[in-house]
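Please read the structure below before turning to the comments.
There are 2 protein chains.
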Amino acid sequence: MGKQNIPDVVIRRLPIYLRVLENLSEESYGNVISSFELGEKSGVTPAQVRKDLSLIGAFGKQGLGYEIATLRDELKRILNLDREIKVAIIGVGNLGHAIAKYIIQRYDNEKDYHLKLVALFDSDPRVIGELINGVPIDHIDSFQDKAPELGFRMVVIAVPAEVAQSVMDKCVMAGIEAVLNFAPVHLKAPKGIRIHNTDLSIDLMHLAYYL
Amino acid sequence: MGKQNIPDVVIRRLPIYLRVLENLSEESYGNVISSFELGEKSGVTPAQVRKDLSLIGAFGKQGLGYEIATLRDELKRILNLDREIKVAIIGVGNLGHAIAKYIIQRYDNEKDYHLKLVALFDSDPRVIGELINGVPIDHIDSFQDKAPELGFRMVVIAVPAEVAQSVMDKCVMAGIEAVLNFAPVHLKAPKGIRIHNTDLSIDLMHLAYYL
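Chains A and B, in that order, give the protein sequences. Sequential numbering from 0 applies to the first sequence in numbering that gives the first Met the number 0. Sequential numbering from 0 applies to the second sequence in numbering that gives the first Met the number 0.
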């Protein structure tokens with residue numbers, strides 16, 4: 000099945016399966032994992048695991064399960080994680096700073112694949128030029144030059160709501176293809192640019208419903 | 000319709016609608032908003048807005064729309080935001096620290112409702128006793144005493160994956176009802192405890208698919 004035919008809800012679960020496979024210790028698991036085990040560690044039913052994985056052409060062996068190394072490679076390939084993914088962060092306040100540190104800590108020592116933080120941008124003259132693990136904070140005005148120069152197509156937006164759309168417009172102009180938006184506002188962009196929103200405030204208000 | 004009958008995907012959109020209503024300036028909008036305008040600012044179709052709001056018993060007037068103040072109050076009531084919600088954070092590393100600052104900045108000056116950060120926990124002796132905007136970082140061993148004492152039932156978990164389940168178990172023992180989990184691991188808890196996962200790493204890998 001071609002990549003374009005896999006529903007987004009399924010794509011969403013693939014990194015979760017990949018994470019489970021990468022956390023398996025070799026002593027406790029052999030080279031095979033059942034859909035039951037994979038599902039339990041992922042918070043998904045075994046039937047859903049089998050259905051999701053069949054969509055990417057991965058079929059377990061009856062009574063045995065999935066060959067771990069093969070499945071891991073296949074998940075990486077589908078998710079484009081078989082090559083380096085360059086990421087930039089726009090907005091280096093508390094949250095942007097924490098995200099930068101997280102990406103560096105999580106991925107810099109990863110041997111198998113990289114999400115590499117290559118650029119940071121802000122508009123506050125007090126932080127321009129500062130380094131976070133060797134990555135300098137550049138002025139947002141240089142964004143359009145830096146994007147092709149450094150070759151990143153994925154951006155994390157962590158700026159205040161009031162300026163988020165203008166930052167998004169800069170991303171569009173610079174040919175950015177994927178955006179993870181932390182600003183508490185709905186951003187507009189042409190079709191073809193993928194925007195995912197993550198919003199602590201919405202998460203907390205959503206949870207409050209269940210109190 | 001009773002609260003328990005509203006699907007979670009709808010609940011998820013209610014805080015987004017609420018945020019839009021709260022950001023409306025009074026000069027540019029009268030006291031009414033159409034489902035078209037509310038949908039556009041929320042990233043949702045007008046039909047979906049009308050359907051979602053009908054589930055909470057809010058019906059717009061034909062050709063006019065929704066009375067803004069009434070809808071805002073109704074959304075707050077449904078989301079339990081008509082009273083103060085106390086939140087604690089477990090794990091005050093980079094991420095936990097950024098989350099603490101975010102909650103304080105976002106909600107401390109909010110006049111209409113509060114998500115109030117009341118406690119912080121960590122296990123690192125070097126940070127115990129430190130204050131973040133007046134809230135002390137306590138040792139995780141005091142969690143079970145502090146939860147009833149301070150009266151919080153919602154917790155943000157921002158600890159490393161290896162210790163997240165043991166922290167979750169402490170939450171269960173202390174009667175916590177809602178958890179926002181930032182640790183990159185699937186947590187287990189008895190039914191009735193609501194766990195939402197938010198994972199930067201999964202978000203980034205998910206987005207990488209679209210590059």
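Cβ atoms here follow ideal geometry from the backbone N, Cα and C, with glycine treated the same way. No experiment lies behind these values; they were computed from the predicted model shown.
- Taking the CA atoms as reference points, A/K100 sits about 45 Å from B/G64.
- Among the CB atoms of chain B, one or more fall inside 8 Å of the CB of A/P14.
- Close to chain B, meaning a Cβ-Cβ distance shorter than 7 Å, is no residue of the segment 124-139 of chain A at all.
- Listed in chain order, the non-local C-beta contacts of A/A182 below 6 Å within the same chain comprise I156, V158, A160 and A163, local neighbours out to five positions each way being set aside.
- By the C-beta criterion, the segment 87-95 of chain A is judged to be in contact with the segment 111-124 of chain A, since at least 3 inter-stretch pairs fall below 8 Å.
- At least one CB atom of chain B sits nearer than 8 Å to the CB of A/R152.
- Counting C-beta atoms within 10 angstroms of its own C-beta, A/L130 has fewer than 16 neighbours from the protein chains shown and is therefore classed as exposed.
- When only Cα atoms are considered, B/C170 and B/S141 end up about 12 Å apart.
- Less than 8 Å separates the beta-carbon of B/E73 from that of B/I55.
- The Cβ neighbour count for B/M204, taken over all protein chains shown within 10 Å, is at least 16; the residue is labelled buried.
- Not flagged as an interface residue toward chain A: B/S34, since no C-beta distance is shorter than 8 Å.
- Closer than 8 Å to the CB of A/M204 there is at least one CB belonging to chain B.
- When DSSP states are grouped into helix, strand and coil, B/F120 belongs to the strand group.
- Interface criterion not met: the Cβ of A/T44 is under 8 Å from no Cβ in chain B.
- For B/H205, the uninterrupted alpha helix (DSSP H) segment begins and ends at L199 to A207.
- Not one beta carbon of chain B lies nearer than 8 Å to the beta carbon of A/N180.
- Apart from sequence neighbours up to five positions away, the residues of its chain that approach A/S122 with a beta-carbon distance below 6 Å are I139, ordered along the chain.
- The contact set of B/E176 on chain A, defined by CB atoms closer than 7 Å, consists of Y209 and L210 in chain order.
- Taking a Cβ-Cβ cut-off of 8 Å, the neighbours of A/K40 in chain B comprise H185, given in sequence order.
- Contact annotation, B/I136 with B/F120: C-beta distance approximately 7 Å; criterion of less than 8 Å satisfied.
- The alpha-carbon separation between A/V126 and B/L52 amounts to approximately 44 Å.
- A distance below 8 Å separates the beta carbons of A/A188 and A/M167.
- In the structure shown, A/V154 falls within a strand segment according to DSSP collapsed to helix, strand and coil.
- With contacts defined as CB atoms closer than 8 Å, A/A173 and A/M153 fail to qualify as a contacting pair.
- Taking a Cβ-Cβ cut-off of 7 Å, the neighbours of B/K100 in chain A comprise N93, given in sequence order.
- Between B/F58 and B/N30, the alpha-carbon positions lie close to 15 Å from each other.
- With a cutoff of 8 Å on beta-carbon distance, B/I175 and A/I201 are scored as not near each other.
- The segment 48-111 of chain B contains, as complete alpha helix (DSSP H) runs of 4+ residues, the segments 67-77 and 93-106 (chain order).
- Shown here for B/V9: same chain residues with a beta carbon closer than 7 Å to its own, the five before and five after excluded, namely D51 and L54 in chain order.
- Listed by position along chain B, the residues whose Cβ is nearer than 9 Å to that of A/N4 form an empty set, because the closest Cβ is around 13 Å away.
- The criterion of a C-beta distance shorter than 8 Å is not satisfied by A/A68 and B/N79.
- For a Cβ distance threshold of 7 Å, residue set L203 of chain A lies close to B/L114, ordered along the chain.
- Annotation: the continuous alpha helix (DSSP H) that includes B/N22 extends over D7 to N22.
- With a beta-carbon spacing of about 11 Å, B/R71 and B/L37 fall beyond the 8 Å limit used to define contacts.
- Burial state of B/G95 is buried, judged by a 10 Å Cβ sphere holding 16 or more other Cβ atoms.
- Per DSSP, B/P159 lies in no alpha helix (DSSP H) segment and is marked neither H nor E.
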